[in-house]
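Quick note: the sequence shown, position 68, residue 68 per UniProt numbering, numbers continuous.
Don't be surprised by glycine CBs; every beta carbon is placed ideally from N, CA and C.
These numbers come from a predicted model, not from an experiment.
What follows is one structure encoded as structure tokens, with my remarks underneath.
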Amino acid sequence: MNLDNVTKEYTNGEVTIVWQPGKCIHSANCKNNNPDVFRPKEKPWITPEHSTTEKIISTVNKCPSGALTFYMNTKK
Numbered sequence: 001m002n003l004d005n006v007t008k009e010y011t012n013g014e015v016t017i018v019w020q021p022g023k024c025i026h027s028a029n030c031k032n033n034n035p036d037v038f039r040p041k042e043k044p045w046i047t048p049e050h051s052t053t054e055k056i057i058s059t060v061n062k063c064p065s066g067a068l069t070f071y072m073n074t075k076k
């Protein structure tokens, strides 16, 4: 399976984490900075409901490859 164009999204309702596995270099920054959300041995491996939005944003911003990004969900 070619992961180059795959994108997966995970949300806690306030922020949505976007993961592009084709860009991931497996630096483990996400797991090391926020192990409550980023658990590579589990499925789904990203569970944003287990952390604050602020900590999620801080963790995603430390991703060296750009495989993890985020966007804020708009209020309806």
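- When the Cα atoms are used, V37 and I25 turn out to be separated by approximately 18 Å.
- In the structure shown, T59 falls within a helical segment according to DSSP collapsed to helix, strand and coil.
- Ranking A67, S27, P35 by CA distance to the CA of H50 puts P35 first.
- Between the alpha carbons of M72 and T16 lies a distance of about 6 Å.
- Closest in C-alpha terms to A28, from the list R39, T47, Q20, comes R39.
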